[in-house]
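**Student:** The number in the working numbering is simply the position in the sequence shown, starting from 1, with 232 added.
We put the beta carbon where it would ideally sit given N, CA and C, even for glycine.
Before I ask anything, here is the structure I am working with.
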Amino acid sequence: MTISDELNLRARTLSDWLTYIETCHPSRIDLGLKCISQVAQRLSVANFNCPVLTVAGTNGKGSNVALLAAILTAAGYRVGTYTSPHLIRYQERIQIAGHRINDQDLCSAFEQIEKSRSDIPLTFFEFGTLAALWTFKHAELDVIILEVGLGGRLDAVNCIDADLSVISMIDFDHMDWLGETREKIGFEKAGIMRPNRPCVCGDFDPPQSILNMAQSLACPLYRQGIEFDYKLQSQSWSWSSQQFSLSELPLPNIDLQNAATVLQAIELLGDYFVITPLAIQEGLKRVFIPGRFHRIEKNARQIIIDVAHNPAGGECLSKRLANTPCLGNTYAVAGMLADKDILNTLRPLKHHVDHWYVCDLTEERGAKATKLKQSLLDLDVKQTILEFSLPSLAFQQAYRKLQKNDRLLVFGSFHTAAAIYRYLES
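Okay, here's the thing in structure tokens:
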């Protein structure tokens with residue numbers, strides 16, 4: 233690389249880099265570890281001196297990462313997290329000690345990757361993963377938490393051997409890539425396990441493929457409802473494992489099934505860290521993740537933003553709506569991607585919504601509002617269904633209709649949630 237080339241790299245802004253890395257590979261997704269593993273070796277980021285946790289699953293990955301980080305931070309440890317996708321800003325993906333990476337450090341990471349990769353093609357996600365690993369390598373961390381982007385076995389983050397793997401709930405999503413049965417999807421998720429290293433599974437009914445993988449790798453498997461469980465009380469909840477029990481825990485801002493999964497992982501991290509019950513309580517109180525049943529009070533009206541975008545997410549959102557009944561009407565702004573199971577995502581929500589405001593998503597894979605409306609009609613929805621060209625327009629119109637005790641639900645996609653967060657920011 234010439235001096236001129238180096239100067240050109242250093243002159244790039246973050247916007248320049250993000251535009252560039254979208255063009256470095258002919259495919260948006262290219263599952264496989266060969267390319268990223270080669271570049272990781274060149275960058276010396278294939279191994280770490282601190283524990284690494286990898287989190288996979290159809291739903292709940294982000295919540296698991298957020299609570300793990302909240303508890304470990306409350307216990308006094310320095311945590312690095314890598315998550316995806318971002319809602320508003322790319323920097324959300326890489327966080328150190330609860331703070332997003334700054335533009336300068338992210339550009340420096342991209343520059344190092346570009347210098348090291350030579351002619352090895354990398355996808356957008358692989359570039360981001362390597363940027364996270366490069367940043368973490370130089371950040372003096374106590375623990376690293378990596379969220380799988382797609383599947384697990386062939387996902388970019390799986391170039392790192394996890395000391396502890398966490399698999400949340402398994403359901404149907406990304407079937408074109410992962411297979412059309414829970415067994416096939418489970419097999420892909422199970423690919424993050426490592427021989428003789430523990431795995432926590434948060435699914436009450438894990439596919440046999442996960443059990444088989446754990447057995448073949450002699451991987452200690454901790455299953456929801458068997459090795460650990462939880463119980464909801466009126467204003468608190470309790471958790472128990474084969475070794476410990478905790479009672480009168482504060483209710484977190486995430487689903488309890490995910491919270492229980494995290495507590496089993498925290499117990500296993502006792503081999504590395506001192507984590508007190510007080511730190512667990514503090515983490516449960518502090519945990520927050522945008523777009524996961526995020527309730528916002530605005531002018532005495534309630535807004536709920538949730539990224540539910542598949543049938544399992546729809547079911548989870550339905551349960552949370554049922555557990556927080558509304559005295560007035562529920563208005564819903566829904567926008568989804570065309571390759572999602574729109575009908576079965578909407579199905580569990582149809583009884584919770586009084587007025588529907590469906591919208592186009594302008595992204596490449598975005599579904600038209602007419603498709604969502606037809607799905608609602610196929611579900612025999614009798615309520616008002618209005619169509620809009622943008623999420624922000626649907627939100628504006630729905631918000632104007634809200635009366636005292638009404639609520640406005642926004643869901644269907646990360647893109648829908650992001651559009652409304654941007655609108656509220658402005």
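(1) Under a three-way DSSP split, which group does Asn531 fall into?
(2) Beta carbon of Phe359: closer than 7 Å to some heavy atom of the ligand COA?
(3) Could you give the DSSP three-state label for Phe627: helix, strand or coil?
(4) From the DSSP output, which residues share a beta bridge with His587?
(5) Which residues in the same chain have their Cβ closer than 8 Å to the Cβ of Asp610, if we skip the five residues on either side of it in sequence?
(6) When you compare only the Cα positions, how much space is there between Phe280 and Gln513?
(7) Tell me the DSSP secondary structure of Asn291 in three-state form.
(8) State buried or exposed for Asn542, treating a residue as buried only when at least 16 other CB atoms are found within 10 Å of its CB.
(9) Using only alpha-carbon positions, find the residue among Arg639, Leu382, Leu453 that is nearest to Thr315.
(10) Give the single residue among Arg597, Asn296, Pro353, Lys551 whose Cα lies nearest to the Cα of Ile498.
(11) Looking only at its chain, what residues have a beta carbon closer than 6 Å to the beta carbon of Arg533, apart from the 5 residues adjacent to it on each side?
(12) Check the DSSP bridge columns for Lys463 and list the partner residues they point to.
(13) In the structure shown, what three-state DSSP assignment does Ser658 receive?
(14) In or out: Arg524 buried (at least 16 other Cβ within 10 Å) or exposed?
(15) Give the list of continuous alpha helix (DSSP H) stretches no shorter than 4 residues that lie fully inside the region 350-376.
(16) So within the region 403-453, which uninterrupted alpha helix (DSSP H) runs reach at least 4 residues, ignoring any that extend past its ends?
(17) Once DSSP output is grouped into helix, strand and coil, what is the label at Ile498?
(18) With a Cβ-Cβ cutoff of 8 Å, do Ile486 and Ile521 count as a contact?
(19) If you draw a straight line from the alpha carbon of Ala564 to that of Gln615, how long is it in whole angstroms?
(20) Is the region 378-396 touching the region 422-429 in the sense that three or more CB pairs, one from each, lie closer than 8 Å?
**Tutor:** If we stick to the structure as given:
(1) Walking along the sequence shown from the start, residue 531 turns up at place 299. Here DSSP, grouped into helix, strand and coil, assigns Asn531 to coil.
(2) This structure lacks the ligand COA, and indeed carries no ligand of any kind.
(3) The sequence position of residue 627 within the sequence shown is 395, counting from 1. Three-state result, Phe627: helix.
(4) As a position in the sequence shown, residue 587 is number 355, starting the count at 1. DSSP, once it has assigned bridges, lists Tyr563, Thr616 as partnering His587.
(5) On the sequence shown, residue 610 is found 378 positions in, with the first residue counted as 1. If the five residues before and after Asp610 are omitted, its C-beta is found closer than 8 Å to the C-beta atoms of Leu575, all from its own chain and listed in chain order.
(6) For the purposes of this step, residue 280 is taken as residue 48 along the sequence shown, with counting starting at 1. For the purposes of this step, residue 513 is taken as residue 281 along the sequence shown, with counting starting at 1. Going from the Cα of Phe280 to the Cα of Gln513 covers about 29 Å.
(7) Translated into positions along the sequence shown, residue 291 becomes position 59. Three-state DSSP puts Asn291 in a strand.
(8) Counted from its first residue, the sequence shown places residue 542 at position 310. With 16 or more other Cβ atoms within 10 Å, it is buried.
(9) Translated into positions along the sequence shown, residue 315 becomes position 83. Residue Leu382 is the option with its Cα nearest to Thr315.
(10) Along the sequence shown, read from residue 1 onward, the residue named residue 498 stands at position 266. Nearest option by C-alpha distance: Asn296.
(11) Working through the sequence shown from its first residue, we reach residue 533 at position 301. Scanning its chain for C-beta atoms nearer than 6 Å, with the 5 sequence neighbours on each side dropped, one finds around Arg533 the residues Leu634, in chain order.
(12) Counting from one through the sequence shown, the residue named residue 463 turns up at place 231. Partner(s): Ser470.
(13) The residue you call residue 658 lines up with position 426 of the sequence shown. The answer is coil: DSSP assigns Ser658 none of H, G, I, E or B.
(14) Here residue 524 refers to the residue found at position 292 when the sequence shown is read from its first residue. By the 10 Å Cβ count, Arg524 comes out buried.
(15) For the region 350-376, the continuous alpha helix (DSSP H) assignments of 4+ residues that do not extend past its boundaries occur at 356-369, in sequence order.
(16) 407-410, 414-422, 440-448
(17) Numbered from 1 along the sequence shown, position 266 holds the residue referred to as residue 498. Note: Ile498 maps to helix in three-state DSSP.
(18) Sequence index remark: in the sequence shown, residue 486 carries index 254 (1-based). Sequence index remark: in the sequence shown, residue 521 carries index 289 (1-based). In contact: Ile486 and Ile521 (Cβ atoms closer than 8 Å).
(19) In the sequence shown, counting from the first residue as 1, residue 564 sits at position 332. In the sequence shown, counting from the first residue as 1, residue 615 sits at position 383. The alpha-carbon atoms of Ala564 and Gln615 are separated by roughly 11 Å.
(20) These segments touch.
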